[in-house]
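Notes follow the structure.
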Amino acid sequence: MSSKDFPEFLDEFDDDDQQSNLTQTDRRLRRSSMQAKRPASKANDFFRNQDDSRSNIQFTYKAARFEEWWLLDSLGDFYEHNWISDVMSRIKGGKEASVYLCQSDAVDGTRLTAAKVYRPRSLRNLKNDGQYRNGRADLDESGRVILDDRALRAMQKRTAFGDELRHQSWIAYEYQTLQSLYAVGADVPKPFAMAKNAILMDYLGNRQNPAPTLNTVSLDVDEAKMIFDRVLHNIDLMLAQDRIHGDLSAYNILYWEGNIALIDFPQVVLLRSNPAAWAIFQRDIARICQYFISQGIEHNARNLAADLWTSYGHKIRTDVHPRDLDADKAEDRFLWEKQKGSH
Ligand SMILES: Nc1ncnc2c1ncn2[C@@H]1O[C@H](COP(=O)(O)OP(=O)(O)O)[C@@H](O)[C@H]1O
Ligand SMILES: [Mg+2]
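FYI, the numbering for the sequence shown is 1276 to 1618, going by the working numbering.
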């Protein structure tokens, strides 16, 4: 398979995986319809050409062939550097990433870790990723700002190479944010390592059950109040670092034995350089308030957002530039209409 075909192959993989139908993939590919033949032979060529130095790695988690290849490619580095010794199960196959429960024998004080493996198409799926990337220098796989002209041009032109770099930068921001928040004592999983396509972090939950996301948890009012304050404390820590989560809601907060962990940071917004920061921040706070209102904690989201924002000396920008809005999103269209109405 030529490198030109590679993204197409990954798309095939992603489509199959998306349907959570991996165990049937091989069978389907073998079917003799013309449509199925092409990817099947491409896939076979692909596997034949793979370096088989990792083919002896056996994980407890039994993935079908495509997923297995993707796992070995994404987690092989962690395995070879002893960050993980086994992959036990898939915790969640999400929209942008799948998260796996791993056994880690050589990581200090931790036996269970979570490996977040990004989907091949995760970045291309994000139609409005520009909104978040705005004001963010792109990072390479070691977390350093990309300065190379050729790389910058490729990203601008959206070539396959450029998209790969953008994908990497997306992951690097998640890792870097976990690191810097963990360092100041925020409630985030401890990050251990980053590879080309994956992040390894502390796992929340026990062997049988991963921690649920907060949106599925019912709290009594006293605990709801405590957890709400804890969430605000974490938002405060982020603001102190000039960062906004960007996709904060009860869906991206894990709850385990009375503690919480904020997760899912690739879209993190740098508030000083992103003109849409205030609008994104308001949305984060509104979504958080929505959950806590359902748990009996009433708050005016707009006032709360404004108080937090101005307490860091930031000015409230009432207008968001149209280029930072996504016409496909109801809340962005609403904001646009509101802005037009206020002139
Ligand atoms: N450190 C972790 N420990 C336990 N479960 C986790 C951890 N990180 C992620 N998960 C699980 O994986 C899911 C997807 O992770 P997330 O980072 O939110 O990615 P996505 O972009 O797919 O939403 C989460 O909703 C949660 O159920
Ligand atoms: Mg998520």
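Even for Gly, the Cβ is constructed at its ideal location relative to N, Cα and C. Only a predicted model underlies this, so the values are computations on that prediction, with no experimental measurement involved.
Cβ pair Ala-1581, Ile-1591 closer than 8 Å:
Position 306 of the sequence shown, counting from 1, holds the residue named residue 1581. Position 316 of the sequence shown, counting from 1, holds the residue named residue 1591. Yes. Within cutoff.
Using a Cβ-Cβ cut-off of 6 Å (strictly less than) and excluding sequence neighbours within five positions of Phe-1503, which residues of its own chain qualify?
Taking the first residue of the sequence shown as 1, we reach residue 1503 at position 228. Answer for Phe-1503: Phe-1567 and Ile-1572, listed in chain order.
Excluding five sequence neighbours on each side, which residues of the same chain lie with their C-beta closer than 6 Å to the C-beta of Cys-1564?
Indexing the sequence shown from 1 puts residue 1564 at position 289. Contacts found: His-1574 and Ala-1576.
In whole angstroms, give me the CA-to-CA distance for Asn-1527 and Phe-1353.
Position 252 of the sequence shown holds residue 1527. Position 78 of the sequence shown holds residue 1353. Cα-Cα distance, rounded: 25 Å.
What residues does ligand 4 have around it, judged by CB closer than 7 Å to any heavy atom, in chain order?
Only ligand 1 and ligand 2 can be found as ligands here, which leaves ligand 4 out of the picture.
Just the C-alpha distance for Pro-1464 and Ala-1390, rounded to the nearest angstrom, thanks.
Sequence index remark: in the sequence shown, residue 1464 carries index 189 (1-based). Sequence index remark: in the sequence shown, residue 1390 carries index 115 (1-based). Cα to Cα, Pro-1464 sits roughly 11 Å from Ala-1390.
Whole-angstrom distance between His-1520 and Val-1544, CA atom to CA atom
Taking the first residue of the sequence shown as 1, we reach residue 1544 at position 269. Taking the first residue of the sequence shown as 1, we reach residue 1520 at position 245. Cα to Cα, the separation comes out at about 6 Å.
Could you spell out where the beta strand (DSSP E) holding Asp-1477 opens and where it closes?
For this step, residue 1477 is matched to residue 202 along the sequence shown. It spans 1473–1477 - the beta strand (DSSP E) in which Asp-1477 sits, taken as one unbroken run.
Straight-line Cα distance separating Ala-1561 from Ala-1605
For this step, residue 1605 is matched to residue 330 along the sequence shown. For this step, residue 1561 is matched to residue 286 along the sequence shown. Looking at the two C-alpha atoms, the distance is approximately 15 Å.
Touch check for the segment 1428–1446 and the segment 1460–1475: three-plus C-beta pairs under 8 Å?
yes
For a minimum of 4 consecutive residues, which ranges assigned as the alpha helix (DSSP H) are wholly contained in the segment 1387–1451?
1397–1400, 1404–1408 and 1424–1432
I'd like the list of long-range same chain contacts for Ser-1360, defined as Cβ closer than 6 Å, with 5 residues on each side in sequence excluded.
Here residue 1360 corresponds to residue number 85 of the sequence shown, with the count starting at 1. Correct list, in chain order: Gln-1378 and Asp-1380.
Strand pairing of Cys-1237, partner residues [DSSP]:
No answer is possible for residue 1237: the residues shown for the chain start at 1276 and end at 1618.
Using alpha carbons as the reference points, say which of His-1589, Ala-1473 and Asn-1409 lies closest to Asp-1539.
Walking along the sequence shown from the start, residue 1539 turns up at place 264. Nearest C-alpha to Asp-1539: Ala-1473.
Nearest-angstrom Cα separation, counted from Leu-1440 out to Met-1430:
Start at 1 with the first residue of the sequence shown, and residue 1430 comes out as number 155. Start at 1 with the first residue of the sequence shown, and residue 1440 comes out as number 165. Taking the straight line from one Cα to the other gives about 7 Å.
What separation, rounded to the nearest whole angstrom, lies between the Cα atoms of His-1442 and Gly-1368?
Position 167 of the sequence shown holds residue 1442. Position 93 of the sequence shown holds residue 1368. So the two alpha carbons sit approximately 18 Å from each other.
So, Leu-1350 versus Ile-1366, is the Cβ gap smaller than 8 Å?
Here residue 1350 corresponds to residue number 75 of the sequence shown, with the count starting at 1. Here residue 1366 corresponds to residue number 91 of the sequence shown, with the count starting at 1. No, the pair does not count as a contact, with Cβ atoms beyond the cut-off.
For a test of the three-state rule: what should DSSP assign to Ile-1555, helix, strand or coil?
Counting from 1 along the sequence shown, the entry for residue 1555 is found at position 280. Residue state, collapsed to three classes: helix.
is_contact[Ile-1519, chain D] using C-beta, thresh 8 Å:
Although the question refers to chain D, the structure presented lacks it and comprises just one protein chain.
Could you check the C-alpha separation between Leu-1346 and Gly-1410 for me, to the nearest Å?
As a first step, residue 1346 must be located in the sequence shown, where it is residue number 71. As a first step, residue 1410 must be located in the sequence shown, where it is residue number 135. Each residue's alpha carbon lies about 32 Å from the other.
Which of helix, strand or coil DSSP assigns to Asn-1578:
Counting from one through the sequence shown, the residue named residue 1578 turns up at place 303. Here Asn-1578 sits in helix by DSSP.
Select from Ile-1555, Leu-1583 and Tyr-1587 the residue whose C-alpha is nearest the C-alpha of Leu-1610.
Working through the sequence shown from its first residue, we reach residue 1610 at position 335. The candidate whose alpha carbon is nearest that of Leu-1610 is Ile-1555.
Would DSSP call Ala-1372 helix, strand or coil?
Indexing the sequence shown from 1 puts residue 1372 at position 97. Three-state DSSP puts Ala-1372 in a strand.
Cβ-based burial, Leu-1422 [other Cβ within 10 Å; buried from 16]
Position 147 of the sequence shown holds residue 1422. By the neighbour-count rule (16 or more Cβ atoms within 10 Å), Leu-1422 is not buried but exposed.
Collapsed DSSP secondary structure at Thr-1488 in the structure displayed
In the sequence shown, counting from the first residue as 1, residue 1488 sits at position 213. Thr-1488 falls in the strand class under three-state DSSP.
Any idea if Ser-1373 is buried or exposed, counting beta-carbon neighbours within 10 angstroms, 16 or more meaning buried?
The residue given as residue 1373 occupies position 98 in the sequence shown. It is buried - the Cβ of Ser-1373 has at least 16 other Cβ atoms within 10 Å.
Anticipated Cβ contact below 8 Å, Ala-1525 with Thr-1585, distance rounded
As a working mapping, residue 1525 is identified with position 250 in the sequence shown. As a working mapping, residue 1585 is identified with position 310 in the sequence shown. Their Cβ separation, rounded to whole angstroms, is 25 Å, which puts Ala-1525 and Thr-1585 out of contact at 8 Å.
Reduced DSSP category for Lys-1500 - H, G, I as helix; E, B as strand; rest coil
Within the sequence shown, numbered from 1, the residue matching residue 1500 stands at position 225. It is helical.
To the nearest angstrom, report how far apart Arg-1302 and Arg-1394 are at their CA atoms.
Position 27 of the sequence shown, counted from the first residue, corresponds to residue 1302. Position 119 of the sequence shown, counted from the first residue, corresponds to residue 1394. Note on Arg-1302: pLDDT 44, under 50, position unreliable in the model; the coordinate value appears next. So the two alpha carbons sit approximately 22 Å from each other.
Quick one, are the C-beta atoms of Tyr-1457 and Ala-1486 less than 8 Å apart?
As a working note, residue 1457 is residue 182 in the sequence shown. As a working note, residue 1486 is residue 211 in the sequence shown. No, the pair does not count as a contact, with Cβ atoms beyond the cut-off.
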